[in-house]
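Below: the structure, in structure tokens.
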Amino acid sequence: MGHIRPSCCNICTPAVLRIRHIGTATAGGHMRLTTLLSHHLQSRQRRPAPHRCTAIRQVANMTATKRKIPMSSAKPVKKAKVEVLDYHLTPSVKDADAETQWPAPKAAIKRAREIIVECANSRKTTVIVPDKDADGLSAGAILRHTLLLLGLPKDSIHVHLLAKGNNVHSDHERSNIAALSPSYIFLVDLGSRAAPPIIPTEHVGLVIDHHHATEQDFPQNSEHITACHSPPVATSSLLTYHLCEALHSEVASKCDWLCIVGTHGDLGNTLKWEHPFPDMRATFNKYTKKTLNDVVSLVNAPRRTATYDVKSAWDSLAETAEPASVLRSHRLLAARAEVNAEVERCTHTAPQFSPDGKIAVFKIASESQVHPVIATRWSGHLQSKALEIVLCANSGYIPGKVNFSCRVPRCARGRDPPVDIIQSLRAYASLPDPSLQQDGQDTTTAETLPLLERLGDDFARGHVQASGGIVSSHQFDELMRIMQIGVKRPKDKDSGPSQPKQKQIDPGQKNTLATYFNKS
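Reading the sequence shown from the start, the letters are residues 275 to 794 in the numbering used here.
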């Protein structure tokens, strides 16, 4: 800035000097400068136009060029975008012949097809036990259509739907299946575990699944085919479609849309149907992607309602030849509206975190099975470098029990090593209960340790990135204590209270109040 030019009156120059002093010497100068300008203009408003001062223009220029503290020369660090590999690009494994092992080992595929053909040719009583979601019901419908095409009489096929809160290995369900006196039993998309024979009488049992399991995690005297060790892991409906398509020429035209509905039900509707997945472009052109995705949401709704009307979903898939008819089901539409309302009611629950930030827990109480939906929804929204597991626990689904679902958040899906929910849950359940340790003394007994062995077979089931369980209320409370959910991380004793930010003046500013008055 140079010297102040002669102004048009003896009022303007003092005003400019005063304003310039305020603007350079105080942080709040800009606000006060505006006020002084306003007062000065009021004092000059009666003067003739030619005498209105040029000092005002000088002040305007001064404020426009007033120096500010420069920002750091370093560019602000942008938050790294989480890159999630497209599902179909998941590295595959090779079999003994150095060929891609997909969607399951060749020997298992061959044997499963043999059992399906033998079942159709036997014309004996057959029971299909599918899971209750879009994937399980679609897989069961594909298998049923195939058996009918292969010649098995319709009245020889029975479909058994599990009761709310039950699994196929419970005594109640095994008794109901045995009452049908089946010669062939197909367990579809139910997960698996080491267990006694499905029923005590002679039968041929085949487990078709894709949930995480070892070679020992299957019922005795049964055979199995699983996709869990052949990435990218196929859904049960896709695996069943792959098995059945080769058995009859009409399977593809009748069941292609069921394959998509089931697969989108588990893997989402953004899945790219590229190698090794089959080419489904003709199916999407025939039915449209929107129609098929709407079917997914409708078929998934009944099993989430408090009434657990899974039969309506099964009937809509098994008794129709085209998906558009599913969209007209009043029972399915009502179920979806009920579930959407319940999700909206429960989804705004505030989360609690573990001290290290690795686990976020949402606790709800609902008679509807909305906890998996809420866990999935929040896993796409929560962002944290530490977060590994999003857990939603529902204490109202089954009296005395807590049903919980876990998901890997989107921000953690690209980490190396990958997050394994099943292993993490088991590791936490192996730790002692902090409430039983007082003053450094472990007061636990053999009857209370370890929690993992007391949780049973309904804990940490499913997939490594989408797991959960069903446990008693007091066991879940113990698990929360072990995880220290809601416990804040202790502050560092050496760190004092945070210091307030000090106002700074640019050290490189040459035009200061002192230098200004020294100018000649």
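Backbone N, C-alpha and C define an ideal beta-carbon position, used for all residues, glycine too. Values in this document were obtained by computation on a predicted structure and should not be read as measured data.
Provide the residue(s) that pair with residue 483 in DSSP beta bridges, ordered along the chain.
For the purposes of this step, residue 483 is taken as residue 209 along the sequence shown, with counting starting at 1. The partner list for residue 483 (beta bridge, DSSP) reads 500.
I'd like to check one pair, residue 499 with residue 257: are the Cβ atoms closer than 8 angstroms?
Nothing can be reported for residue 257: it is not among the residues displayed for the chain, which extend from 275 to 794.
Hey, is the stretch 643-651 in contact with the stretch 659-675, meaning 3+ C-beta pairs nearer than 8 angstroms?
Touching, yes, given that three or more Cβ pairs across the two stretches are closer than 8 angstroms.
Just the Cα atoms here: how many angstroms apart are residue 465 and residue 503?
Here residue 465 refers to the residue found at position 191 when the sequence shown is read from its first residue. Here residue 503 refers to the residue found at position 229 when the sequence shown is read from its first residue. Rounded to whole angstroms, residue 465 to residue 503 spans 14 angstroms at the Cα level.
Could you spell out where the beta strand (DSSP E) holding residue 462 opens and where it closes?
Sequence index remark: in the sequence shown, residue 462 carries index 188 (1-based). Note, residue 462: beta strand (DSSP E), 458-462.
On the CB-based measure, 16 or more other CB atoms within 10 Å of its CB, does residue 587 come out buried or exposed?
Looking up residue 587 in the sequence shown gives position 313. With 16 or more Cβ atoms within 10 Å of its Cβ, residue 587 is classed as buried.
Does residue 785 come out as helix, strand or coil in the three-state DSSP assignment?
Working through the sequence shown from its first residue, we reach residue 785 at position 511. Here residue 785 sits in coil by DSSP.
If you run the structure through DSSP and keep just helix, strand and coil, what is residue 880?
The structure shown does not extend to residue 880, since the chain spans only 275 to 794, so no value can be given for it.
What's the call for residue 724, buried or exposed, on a 16-neighbour Cβ count within 10 Å?
The residue labelled residue 724 in the question sits at position 450 within the sequence shown. The residue is exposed, with fewer than 16 neighbouring Cβ atoms inside 10 Å.
Could you check whether the stretch 674-682 touches the stretch 647-655, counting it as contact only if at least three pairs of C-beta atoms, one from each stretch, sit closer than 8 angstroms?
Verdict: yes, contact present.
Return helix, strand or coil for residue 370, following the three-state DSSP convention.
Against the sequence shown, residue 370 aligns to sequence position 96. Correct three-state label for residue 370: coil.
Counting C-beta neighbours from all protein chains within 10 Å, is the total for residue 304 16 or more, i.e. buried, or is it exposed?
Position 30 of the sequence shown holds residue 304. For residue 304, the predicted model reports a pLDDT of 49, less than 50, meaning its position is unreliable; a value from the coordinates is still stated below. Counting Cβ neighbours within 10 Å, residue 304 comes out exposed, since fewer than 16 surround it.
For the stretch 656-734, which segments carrying the alpha helix (DSSP H) assignment without a break, of at least 4 residues, lie completely within its bounds, in sequence order?
695-703 and 725-728
Look at the Cβ atom of residue 613, then the Cβ atom of residue 566, and state whether they are nearer than 8 angstroms.
Indexing the sequence shown from 1 puts residue 613 at position 339. Indexing the sequence shown from 1 puts residue 566 at position 292. In this structure, residue 566 does not lie closer than 8 angstroms to residue 613 by Cβ.
For the alpha helix (DSSP H) that contains residue 536, what are its first and last residues?
Sequence index remark: in the sequence shown, residue 536 carries index 262 (1-based). 525-541 is the extent of the alpha helix (DSSP H) around residue 536.
Would you list, in sequence order, the uninterrupted beta strand (DSSP E) runs of no fewer than 3 residues that lie entirely inside the stretch 579-658?
633-638
Examine the ligand FMN and report whether any of its heavy atoms sits within less than 7 angstroms of the Cβ of residue 609.
In terms of ligand content, the structure shown is empty, and the ligand FMN therefore cannot be addressed.
Which residues in the same chain as residue 662 place their Cβ atom closer than 6 angstroms to its Cβ, once the five residues preceding and following it in sequence are excluded?
Indexing the sequence shown from 1 puts residue 662 at position 388. Closer than 6 angstroms at the Cβ level, and outside the excluded window around residue 662, lie 632, 686 and 693.
Buried or exposed for residue 673, please, with buried defined as at least 16 other CB atoms from any protein chain shown within 10 angstroms of its CB.
To locate residue 673, count along the sequence shown from 1; it is residue 399. With a threshold of 16 other beta carbon atoms within 10 Å, residue 673 falls short and is exposed.
Buried or exposed: residue 468, going by 16 or more other Cβ atoms within 10 Å of its Cβ?
The count along the sequence shown starts at 1 and reaches residue 468 at position 194. Residue 468 comes out exposed.
Since residue 541 and residue 361 are thought to touch, with beta carbons under 8 angstroms apart, how far apart are those beta carbons, to the nearest angstrom?
In the sequence shown, the residue the question calls residue 541 occupies position 267. In the sequence shown, the residue the question calls residue 361 occupies position 87. Going by Cβ atoms, the distance from residue 541 to residue 361 rounds to 6 angstroms, so yes, they are a contact pair.
Apply the 10 Å Cβ neighbour rule to residue 507 and answer buried if 16 or more other Cβ atoms are within range, or exposed otherwise.
As a position in the sequence shown, residue 507 is number 233, starting the count at 1. Result: buried.
What residue from 604, 568 and 611 has the CA that sits closest to residue 579's CA?
Start at 1 with the first residue of the sequence shown, and residue 579 comes out as number 305. Closest by alpha carbon: 611.
Would you mind working out which of 383, 412 and 431 sits nearest residue 398, comparing C-alpha positions?
Residue mapping note: residue 398 aligns to position 124 of the sequence shown, counting from 1. Closest option to residue 398, judged by alpha-carbon separation, among 383, 412 and 431: 431.
I want to see whether chain B comes within less than 8 angstroms of residue 731, judged by CB atoms only; does it?
The structure shown contains no chain B; it is built from a single protein chain.
Would residue 726 pass as a contact of residue 684 if the rule is Cβ separation under 8 angstroms?
As a first step, residue 726 is located in the sequence shown; it is residue number 452 there, counting from the start. As a first step, residue 684 is located in the sequence shown; it is residue number 410 there, counting from the start. Going by C-beta atoms, residue 726 is not nearer than 8 angstroms to residue 684.
Measuring CA to CA, which of 489, 367, 461 and 441 is closest to residue 413?
By 1-based counting over the sequence shown, the position of residue 413 is 139. Of the listed residues, the one whose Cα sits closest to residue 413 is 461.
Measuring only the C-alpha atoms, how far is residue 434 from residue 482?
Residue 434 sits at position 160 when you count from the first residue of the sequence shown. Residue 482 sits at position 208 when you count from the first residue of the sequence shown. So the alpha carbons of these two residues sit roughly 15 angstroms apart.
When burial is assigned at 16 or more other CB atoms within 10 Å of the CB, is residue 522 buried or exposed?
Taking the sequence shown and counting its residues from 1, one reaches residue 522 at position 248. Buried is the call here.
Please determine, among 638, 583, 559 and 525, the residue with the shortest C-alpha to C-alpha distance to residue 595.
Start at 1 with the first residue of the sequence shown, and residue 595 comes out as number 321. Scanning 638, 583, 559 and 525 for the CA closest to the CA of residue 595 turns up 525.
Determine the direct distance from the alpha carbon of residue 749 to that of residue 463, and round the result to whole angstroms.
Position 189 of the sequence shown, counted from the first residue, corresponds to residue 463. Position 475 of the sequence shown, counted from the first residue, corresponds to residue 749. Using only the alpha carbons, I get a separation of about 27 angstroms.
In angstroms with no decimal places, state the Cα-to-Cα distance between residue 440 and residue 564.
What you label residue 440 is simply residue 166 of the sequence shown in a count that begins at 1. What you label residue 564 is simply residue 290 of the sequence shown in a count that begins at 1. The alpha-carbon atoms of residue 440 and residue 564 are separated by roughly 33 angstroms.
Are at least three pairs of beta-carbons, each pair with one atom in the stretch 384-397 and one in the stretch 569-577, less than 8 angstroms apart?
no
Below 8 angstroms, how does it come out for the stretch 416-424 and the stretch 483-498: are there three or more Cβ pairs, yes or no?
no
Which of the three DSSP states, helix, strand or coil, is assigned to residue 389?
The sequence position of residue 389 within the sequence shown is 115, counting from 1. The answer is helix: DSSP assigns residue 389 an H, G or I state.
Tell me where the alpha helix (DSSP H) around residue 451 begins and ends.
Here residue 451 corresponds to residue number 177 of the sequence shown, with the count starting at 1. Per DSSP, residue 451 belongs to the alpha helix (DSSP H) from 445-452.
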